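First residue of the sequence shown: 3, per the numbering used here; consecutive thereafter.
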Amino acid sequence: MKVYTKTGDKGTTALFGGTRVPKDHIRIDSYGTVDELNSYIGLIRDQEIDAHYKTILIEIQDRLFTVGAILATPAEKEVLKNGELRLKNLGIIETDIELLENEIDKMEESLPPMTHFVLPGGHPTVSHCHIARCICRRAERLAVHLSHNEHVPEIAIKYLNRLSDYLFVLARKLSSDLKADEVKWIPRK
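Here's what the structure looks like:
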């Protein structure tokens, strides 16, 4: 199979199920942003960080492929002609969200309580986490926007929301692990 198909040369692409839409369709923007996030998480995983974080990040990347597949499937194509679900073996489930929450709780146990806003930065790895968090928030906003007009399972949006929280806490934890400066935001008086 060739990488190039030439079917998108006129600005359209196919969703799961074959429906063709413009490449700037909100559904494409939505799952494309999830793909961007997944790539950025790969960059974080490539940093010199604890093996446990890398294991969790691989799990997250796997789940993001699932979120992307969910977002790439219009409601009318969720069920195949034979009655089976198109994404039968794929899905986000509550335990995926619980994993993120448990990881957040574990990291926060060793961190001082938040008493101020934090400026992103302090170390390149920490900065990568903050960029991924921002991309995750954009993916969440796009999924919510898509949900106003088309079916998007609530759990996919919930997963993106919790993932952005995880990435924020991971940035704080890596700041601590890497002994990076955490710069407080101080409003003007």
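Quick reminder that beta carbons are idealized off the backbone N, C-alpha and C, glycines included.
On a predicted model such as this, the values are computed, not experimentally measured, just so you know.
For this session: Could you tell me which residues DSSP puts in a beta bridge with L101?
Result: Position 99 of the sequence shown, counting from 1, holds the residue named residue 101. In DSSP, L101 forms no bridge with anything.
Exercise. Rounded to a whole number of angstroms, what is the C-alpha to C-alpha distance between V120 and D183?
Worked result: For the purposes of this step, residue 120 is taken as residue 118 along the sequence shown, with counting starting at 1. For the purposes of this step, residue 183 is taken as residue 181 along the sequence shown, with counting starting at 1. Taking the straight line joining both Cα atoms gives about 10 Å.
Exercise. Do L169 and C138 come within 8 Å of each other at the CB atom, strictly closer than that value?
Worked result: By 1-based counting over the sequence shown, the position of residue 138 is 136. By 1-based counting over the sequence shown, the position of residue 169 is 167. Against a cut-off of 8 Å, the Cβ pair of L169 and C138 comes out as a contact.
Exercise. Which term fits V154, buried or exposed, when burial requires 16 or more other beta carbons within 10 angstroms of its beta carbon?
Worked result: Position 152 of the sequence shown holds residue 154. The residue in question, V154, is buried, as its Cβ has 16 or more Cβ neighbours within 10 Å.
Exercise. Is the beta carbon of I43 sitting closer than 8 Å to the one on A141?
Worked result: On the sequence shown, residue 43 is found 41 positions in, with the first residue counted as 1. On the sequence shown, residue 141 is found 139 positions in, with the first residue counted as 1. No, the pair does not count as a contact, with Cβ atoms beyond the cut-off.
Exercise. The alpha helix (DSSP H) with D52 in it runs from where to where?
Worked result: Locating residue 52 in the sequence shown gives position 50, counting from the first residue. Element bounds for D52: n/a, residue is neither H nor E.
Exercise. Smallest Cα separation from L148: which of I106, H125, E96, L73?
Worked result: The count along the sequence shown starts at 1 and reaches residue 148 at position 146. The shortest Cα separation from L148 among I106, H125, E96, L73 belongs to L73.
For this session: State yes or no: is the C-beta of S178 within less than 8 Å of the C-beta of H125?
Result: For the purposes of this step, residue 178 is identified with residue 176 of the sequence shown, where counting begins at 1. For the purposes of this step, residue 125 is identified with residue 123 of the sequence shown, where counting begins at 1. The answer is no: Cβ separation not under 8 Å.
Exercise. Which residues does DSSP pair with K186 in a beta bridge?
Worked result: What you label residue 186 is simply residue 184 of the sequence shown in a count that begins at 1. V120.
Exercise. Can you tell me whether DSSP reads H150 as helix, strand or coil?
Worked result: Position 148 of the sequence shown, counting from 1, holds the residue named residue 150. In the structure shown, H150 adopts coil according to DSSP, grouped into three states.
Exercise. Got a sec, what are the start and stop residues for the alpha helix (DSSP H) K175 sits in?
Worked result: Position 173 of the sequence shown, counted from the first residue, corresponds to residue 175. K175 -> alpha helix (DSSP H) spans 156 to 179.
Exercise. In chain order, what residues of the same chain have a beta carbon less than 8 Å from the beta carbon of V128, not counting five sequence neighbours either side?
Worked result: The residue given as residue 128 occupies position 126 in the sequence shown. In chain order, P122, A173, L176, S177, L180, A182 place their CB closer than 8 Å to the CB of V128, counting only its own chain and leaving out the 5 sequence neighbours on each side.
For this session: Measuring alpha carbon to alpha carbon, tell me which of I159, P189, K186, T9 ends up nearest E96.
Result: For the purposes of this step, residue 96 is identified with residue 94 of the sequence shown, where counting begins at 1. Selected option, being the one with the closest Cα: I159.
Exercise. Does DSSP classify P114 as helix, strand or coil?
Worked result: The count along the sequence shown starts at 1 and reaches residue 114 at position 112. The DSSP-derived three-state label of P114 is coil.
Exercise. Is I106 closer than 8 Å to D167 when the C-beta atoms are compared?
Worked result: Locating residue 167 in the sequence shown gives position 165, where the first residue counts as 1. Locating residue 106 in the sequence shown gives position 104, where the first residue counts as 1. At the C-beta level, D167 and I106 come within 8 Å of one another.
For this session: Figure out for me which residue from D52, N84, V23, G70 has the closest Cα to the Cα of M2.
Result: Limits of the chain in this structure are 3 at one end and 191 at the other, which puts residue 2 out of reach.
Exercise. Roughly how far, in whole angstroms, is the beta-carbon of E156 from the beta-carbon of P76, given that I think they are within contact range, below 8 Å?
Worked result: Within the sequence shown, numbered from 1, the residue matching residue 156 stands at position 154. Within the sequence shown, numbered from 1, the residue matching residue 76 stands at position 74. The Cβ separation is near 17 Å, so there is no contact.
Exercise. Buried or exposed: which applies to R29, given that a residue is buried once 16 or more other Cβ atoms fall within 10 Å of its Cβ?
Worked result: In the sequence shown, residue 29 corresponds to position 27, counting from 1. A residue is called buried once 16 or more other Cβ atoms fall within 10 Å of its Cβ, and R29 is buried on that count.
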